[in-house]
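K.L.:
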Amino acid sequence: MSHRKLLVLGLVLSLISVWYAFDLGQYLTLENAKAQQAALQDVIAAQPLQSSAIYFVIYVLVTALSLPGAAVMTLLGGALFGFWWSLLLVSFASSLGATLAFLVSRFLLHDWVQTTFQHRLQAINTGIKKDGAFYLFTLRLIPVFPFFVINILMAITPMKTRTFYIISQLGMLAGTMVYVNAGTQLGQLESLSGILSPPILLSLGLLGVFPILAKRVMAWIQKRRVYASWNKPAHFDQNMVVIGAGSGGLVSAYIAAAVKAKVTLIEKEKMGGDCLNTGCVPSKALIRAAHTVKEITGAAEFGIHAEAVSVDFTKVMQRVHNVINRVEPHDSTERYTRLGVHCIHGEANIISPWEVEVQGQRITTRNIVIATGAHPLVPKIPGLNDVNYYTSDTIWSLTTLPARLLVLGGGPIGCELAQSFSRLGSQVTLAEMAGQLLIREDEEAAELIRESLEKENIEIKTGHKAIRFECLHNGTEPDSQRVYLEDTAKKTTTVEFDAVLLALGRVANVRGFGLEELGISTTDRGTVEVNQYLQTKYPNIFAVGDVAGPFQLTHAAGHQAWYAAVNGLFGQFKKFKADYSVLPAVTYTSPELARVGINEKEAKQQHSDFDTKFEITTYKLDELDRAITDGENYGFIKVITPKGKDRILGVTIVGQRAGDLLAEFTLAMRHGLGLSKILGTVHPYPTMSEAAKYTAGEWKRANAPQGLLYLVEKYHRWMRHEK
Numbered sequence: 259m260s261h262r263k264l265l266v267l268g269l270v271l272s273l274i275s276v277w278y279a280f281d282l283g284q285y286l287t288l289e290n291a292k293a294q295q296a297a298l299q300d301v302i303a304a305q306p307l308q309s310s311a312i313y314f315v316i317y318v319l320v321t322a323l324s325l326p327g328a329a330v331m332t333l334l335g336g337a338l339f340g341f342w343w344s345l346l347l348v349s350f351a352s353s354l355g356a357t358l359a360f361l362v363s364r365f366l367l368h369d370w371v372q373t374t375f376q377h378r379l380q381a382i383n384t385g386i387k388k389d390g391a392f393y394l395f396t397l398r399l400i401p402v403f404p405f406f407v408i409n410i411l412m413a414i415t416p417m418k419t420r421t422f423y424i425i426s427q428l429g430m431l432a433g434t435m436v437y438v439n440a441g442t443q444l445g446q447l448e449s450l451s452g453i454l455s456p457p458i459l460l461s462l463g464l465l466g467v468f469p470i471l472a473k474r475v476m477a478w479i480q481k482r483r484v485y486a487s488w489n490k491p492a493h494f495d496q497n498m499v500v501i502g503a504g505s506g507g508l509v510s511a512y513i514a515a516a517v518k519a520k521v522t523l524i525e526k527e528k529m530g531g532d533c534l535n536t537g538c539v540p541s542k543a544l545i546r547a548a549h550t551v552k553e554i555t556g557a558a559e560f561g562i563h564a565e566a567v568s569v570d571f572t573k574v575m576q577r578v579h580n581v582i583n584r585v586e587p588h589d590s591t592e593r594y595t596r597l598g599v600h601c602i603h604g605e606a607n608i609i610s611p612w613e614v615e616v617q618g619q620r621i622t623t624r625n626i627v628i629a630t631g632a633h634p635l636v637p638k639i640p641g642l643n644d645v646n647y648y649t650s651d652t653i654w655s656l657t658t659l660p661a662r663l664l665v666l667g668g669g670p671i672g673c674e675l676a677q678s679f680s681r682l683g684s685q686v687t688l689a690e691m692a693g694q695l696l697i698r699e700d701e702e703a704a705e706l707i708r709e710s711l712e713k714e715n716i717e718i719k720t721g722h723k724a725i726r727f728e729c730l731h732n733g734t735e736p737d738s739q740r741v742y743l744e745d746t747a748k749k750t751t752t753v754e755f756d757a758v759l760l761a762l763g764r765v766a767n768v769r770g771f772g773l774e775e776l777g778i779s780t781t782d783r784g785t786v787e788v789n790q791y792l793q794t795k796y797p798n799i800f801a802v803g804d805v806a807g808p809f810q811l812t813h814a815a816g817h818q819a820w821y822a823a824v825n826g827l828f829g830q831f832k833k834f835k836a837d838y839s840v841l842p843a844v845t846y847t848s849p850e851l852a853r854v855g856i857n858e859k860e861a862k863q864q865h866s867d868f869d870t871k872f873e874i875t876t877y878k879l880d881e882l883d884r885a886i887t888d889g890e891n892y893g894f895i896k897v898i899t900p901k902g903k904d905r906i907l908g909v910t911i912v913g914q915r916a917g918d919l920l921a922e923f924t925l926a927m928r929h930g931l932g933l934s935k936i937l938g939t940v941h942p943y944p945t946m947s948e949a950a951k952y953t954a955g956e957w958k959r960a961n962a963p964q965g966l967l968y969l970v971e972k973y974h975r976w977m978r979h980e981k
């Protein structure tokens with residue numbers, strides 16, 4: 259730090275120290291002003307300019323040094339100087355003091371912060387350059403943060419000093435008027451009974467109501483600003499138009515129709531979206547077939563000897579498609595039409611915040627819900643287009659089992675399908691760039707899944723990245739397909755395969771239906787940017803499901819859809835913030851990995867004092883009677899709670915039917931029930947559900963009241979008449 263900065267910092271700290279050392283704040287209280295009111299008013303009457311100047315300078319110093327008392331000084335100003343003169347003094351003193359604090363903070367912090375956090379601040383700097391004045395005006399009018407925090411934060415951004423001063427002067431004026439007015443009324447108070455007078459009650463009421471009114475005014479201004487370049491229709495054909503008939507779109511349309519709103523659902527491909535056609539339903543049907551193979555090949559453990567297993571992969575895939583066909587009526591156009599939803603097959607294009615065009619028809623609507631889903635990520639790896647590759651969308655077109663299958667990606671989709679194809683007879687290699695499978699999960703949970711996959715002869719290469727594909731031809735047919743994998747030490751290995759499955763994540767569908775033209779922004783993850791109410795920059799346009807994130811789960815999309823539909827149809831009365839605090843997720847490997855809430859890895863990343871604030875209770879499923887009888891006695895249940903409390907913060911389960919076991923914990927978390935309530939609930943014997951009760955018992959044993967138990971032990975000894 260330069261000598262000049264040290265000098266300025268020393269001066270600021272010295273002034274602050276003097277303030278606290280001599281307890282100067284005691285003189286800036288309503289009680290002191292009331293006691294000295296007559297004398298102060300006499301001084302002000304005799305020397306109005308000098309008194310005003312002293313008040314002005316003190317106010318500037320208090321604000322510039324971020325000392326407590328600005329609000330009290332504003333009230334004092336109203337009580338001593340009257341409304342208009344006090345308003346003039348406070349308005350300019352507060353803005354000048356804030357600007358001085360801004361300049362000092364900029365001088366001391368700006369360069370260091372911008373240099374140290376330049377990558378993280380790029381988006382903030384861009385936003386400040388574009389809309390900084392509006393952001394500051396909103397913060398001044400609706401003080402979400404204390405004013406001194408705003409002064410410091412704005413100082414480290416590219417905002418110009420002139421802009422900061424002018425906007426602060428304007429933004430704080432309304433709030434200053436309310437406080438000064440309250441001060442004038444309190445200055446007239448002569449007894450406690452006077453506090454019940456209408457003027458004082460009105461002034462105090464304004465102090466409480468002003469933030470609410472200011473918030474509504476700013477919302478109205480922002481809304482006008484967003485819609486300024488669009489012409490709103492005088493009449494609307496629909497209450498809601500939903501784009502995309504996956505889980506999020508179907509639930510949004512269903513809710514709208516259930517509350518008698520007029521709703522149109524537009525889908526350009528198949529009703530049911532990814533979940534029905536290429537995701538949840540076909541994958542679980544394939545997993546079921548693979549599980550059957552595993553049960554047959556493992557029957558000898560139960561004393562049952564079966565003939566050698568023969569897999570007819572063509573029929574396996576036929577059943578997968580039959581299952582899709584069986585489930586399809588639940589998501590069909592016919593069903594939703596009966597429910598009151600107007601279904602249209604075609605490509606939607608949003609042409610204004612209230613207009614959607616499809617099949618040459620223009621539909622006007624009060625609200626729009628974007629539920630366009632996502633598609634598999636296909637990376638730009640040299641040679642990929644020359645080999646036989648599939649994604650989670652196209653793998654269902656297979657009719658012949660690949661003898662050698664390469665799976666790229668060790669997330670839930672990669673692990674589930676790798677295990678299934680291995681059980682059906684493929685020689686599977688799974689490559690993952692990260693150091694562990696299922697990177698978001700606890701290491702011990704992911705390791706248990708890895709061990710299970712490796713026991714089934716799946717070759718797993720973590721820490722390996724595909725850098726190049728190669729296809730060698732023998733005439734017109736591929737003779738050999740291979741991938742070059744590079745590990746963290748830059749060592750290269752090759753793997754030959756007959757087909758490769760890309761399971762590297764999914765990319766939100768945000769292009770081709772008008773978002774760019776409307777200026778609706780996306781996040782760093784490529785999803786549509788939404789607020790806590792799932793609104794985009796236009797309050798009447800919502801986004802749900804994979805296109806909005808942050809979770810790519812069917813039930814998460816349905817969960818969001820409720821908020822979008824209700825906020826869209828009834829938001830003028832009450833809006834609801836989307837709540838993800840109790841959102842379960844399951845990876846359908848064998849064993850399954852299920853979780854809800856925070857896991858140990860996340861908790862330790864977020865809390866450096868994890869060991870002192872939280873405790874972990876673990877119950878191993880190899881001790882559960884039903885798991886032993888079924889030959890499924892492996893895995894564990896791990897629960898995170900606050901130290902000494904039974905409130906459930908997160909649960910991770912690895913084991914057979916872990917997803918089913920998770921439901922009890924999810925219910926308990928949602929309704930605030932602790933482990934003691936689970937322990938006190940009768941569970942049927944012998945069932946897997948007893949594992950929840952035994953987990954609660956482990957927590958109870960670790961948190962038993964030792965002092966009380968000592969006294970009880972003494973009591974029982976006395977009852978036995980022992981010496």
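With the working numbering as the guide, the letters of the sequence shown map in order to residues 259 to 981.
Idealized CB from N, CA, C, for every residue including glycine.
Note that this is a predicted model, so its numbers are computed, not measured.
Between GLU605, VAL315, GLN619, THR623, which has its C-alpha nearest TRP612's C-alpha?
P.N.:
If we check each option's Cα against that of TRP612, THR623 comes out closest.
K.L.:
Okay, do the stretch 422-442 and the stretch 330-341 touch, 3+ Cβ pairs below 8 Å being the bar?
P.N.:
In short, these stretches touch, since the Cβ pair count reaches three.
K.L.:
Per DSSP, which one or two residues make a beta bridge with CYS601?
P.N.:
Beta-bridge pairing links CYS601 to LEU523.
K.L.:
Are the Cβ atoms of MET498 and ALA516 separated by less than 8 Å?
P.N.:
Not in contact: MET498 and ALA516 (Cβ atoms no closer than 8 Å).
K.L.:
Within 10 angstroms of its Cβ, does SER449 collect 16 or more other Cβ (buried), or is it exposed?
P.N.:
Since pLDDT at SER449 reaches only 43, below the 50 mark, its modelled position is unreliable, and no value is offered.
K.L.:
Roughly how many whole angstroms lie between the Cα atoms of ALA960 and LEU851?
P.N.:
Using only the alpha carbons, I get a separation of about 25 Å.
K.L.:
How should THR899 be labelled, buried or exposed, when 16 other C-beta atoms within 10 angstroms of its C-beta is the threshold for buried?
P.N.:
Burial call: buried.
K.L.:
According to the Cβ coordinates, are ILE410 and LEU397 closer than 8 Å?
P.N.:
Cβ atoms of ILE410 and LEU397: not closer than 8 Å.
K.L.:
How many angstroms separate the CA atom of SER779 from the CA atom of ASN789?
P.N.:
Spanning the two alpha carbons is a distance of roughly 12 Å.
K.L.:
When the Cα atoms are used, what is the spatial distance from SER455 to LEU282?
P.N.:
Annotation note: pLDDT 49 at SER455 (below 50); position unreliable, no value reported.
K.L.:
Kindly give me the distance between the Cβ atoms of VAL840 and ALA632, rounded to whole angstroms, as I take these residues to be in contact under 8 Å.
P.N.:
About 24 Å separates the two Cβ atoms, so there is no contact after all.
K.L.:
Can you confirm whether ALA356, when its beta carbon is compared against all beta carbons of chain D, has any partner nearer than 8 Å?
P.N.:
The structure shown contains no chain D, having only a single protein chain.
K.L.:
Considering LEU760, what are the terminal residues of the alpha helix (DSSP H) in which it resides?
P.N.:
Run containing LEU760: none in the alpha helix (DSSP H); it sits in the beta strand (DSSP E), 757-760.
K.L.:
Measure the C-alpha to C-alpha separation of PRO640 and GLY355 and round it to an integer number of angstroms.
P.N.:
Cα to Cα, the separation comes out at about 60 Å.
K.L.:
Going along the chain, which residues of its own chain have a beta-carbon closer than 7 Å to the beta-carbon of GLU754, five neighbours each way excluded?
P.N.:
The residues are ARG662, SER738, GLN739, ARG740.
K.L.:
Return the residue from the list VAL627, ARG364, HIS579 that minimises the CA-CA distance to GLN818.
P.N.:
Of the listed residues, the one whose Cα sits closest to GLN818 is VAL627.
K.L.:
Restricting to runs no shorter than 3 residues, where is the beta strand (DSSP E) found entirely within the stretch 507-576?
P.N.:
Entirely contained in the stretch 507-576, the beta strand (DSSP E) runs reaching 3 residues are, in chain order, 521-525.
K.L.:
Could you tell me the alpha carbon to alpha carbon distance between THR332 and LEU346, rounded to whole angstroms?
P.N.:
Near 11 Å, if we compare the C-alpha coordinates of LEU346 and THR332.
K.L.:
For ARG620, I'd like the list of residues in its chain whose CB is within less than 8 Å of its CB, leaving aside the five on either flank, ordered along the chain.
P.N.:
Result list for ARG620: ILE609, GLU613, VAL614, in chain order.
K.L.:
Under 8 Å, do LEU688 and LEU762 count as touching if we go by C-beta distance?
P.N.:
No, the Cβ-Cβ distance between LEU688 and LEU762 is not below 8 Å.
K.L.:
For SER684, I'd like the list of residues in its chain whose CB is within less than 8 Å of its CB, leaving aside the five on either flank, ordered along the chain.
P.N.:
Contacts found: LEU659, PRO660, ALA661, ARG662, LEU663.
K.L.:
Could you check whether ILE479 and LEU534 sit closer than 8 Å to each other, using their CB atoms as the reference points?
P.N.:
Taking 8 Å as the Cβ cut-off, LEU534 and ILE479 do not qualify as a contacting pair.
K.L.:
Taking the C-alpha atoms as reference points, what is the distance between SER655 and HIS563?
P.N.:
Distance between the alpha carbons of SER655 and HIS563 is about 34 Å.
K.L.:
Per DSSP, which one or two residues make a beta bridge with GLN694?
P.N.:
None, per the DSSP bridge assignment.
K.L.:
Quick check on DSSP: helix, strand or coil for TYR838?
P.N.:
Correct three-state label for TYR838: coil.
K.L.:
Quick check on DSSP: helix, strand or coil for TYR973?
P.N.:
Here TYR973 sits in helix by DSSP.
K.L.:
Hey, is the stretch 521-539 in contact with the stretch 554-562, meaning 3+ C-beta pairs nearer than 8 Å?
P.N.:
The stretch 521-539, when compared against the stretch 554-562, does not touch it at the 8 Å Cβ threshold.
K.L.:
Tell me which residue opens and which closes the alpha helix (DSSP H) that HIS261 is part of.
P.N.:
Run containing HIS261: 261-279, per the alpha helix (DSSP H) assignment.
K.L.:
Can you give the Cα-Cα distance for GLN427 and THR373, rounded to whole angstroms?
P.N.:
Near 30 Å, if we compare the C-alpha coordinates of THR373 and GLN427.
K.L.:
Could you spell out where the alpha helix (DSSP H) holding MET331 opens and where it closes?
P.N.:
Residues 328-339.
K.L.:
Can you check whether the CB of ASN625 is closer than 8 Å to the CB of ASN798?
P.N.:
Yes, these two residues count as a Cβ contact at 8 Å.
K.L.:
Report yes if the C-beta distance between GLU714 and ARG681 is below 8 Å; otherwise report no.
P.N.:
Yes, the pair counts as a contact, with Cβ atoms nearer than the cut-off.
K.L.:
Considering just the uninterrupted stretch of the alpha helix (DSSP H) at ILE707, what are its terminal residues?
P.N.:
Note, ILE707: alpha helix (DSSP H), 701-713.
K.L.:
Tell me the DSSP bridge mates of PHE872?
P.N.:
DSSP lists PRO900 as partners of PHE872.
K.L.:
Distance, Cα to Cα, LEU931 vs ILE906?
P.N.:
The straight-line gap from Cα to Cα measures roughly 8 Å.
K.L.:
Quick test of your reading: ILE215 and PHE395, contact by CB under 8 Å. State the CB separation rounded to the nearest angstrom.
P.N.:
The requested residue 215 does not occur in the structure, where the chain is confined to residues 259 to 981.
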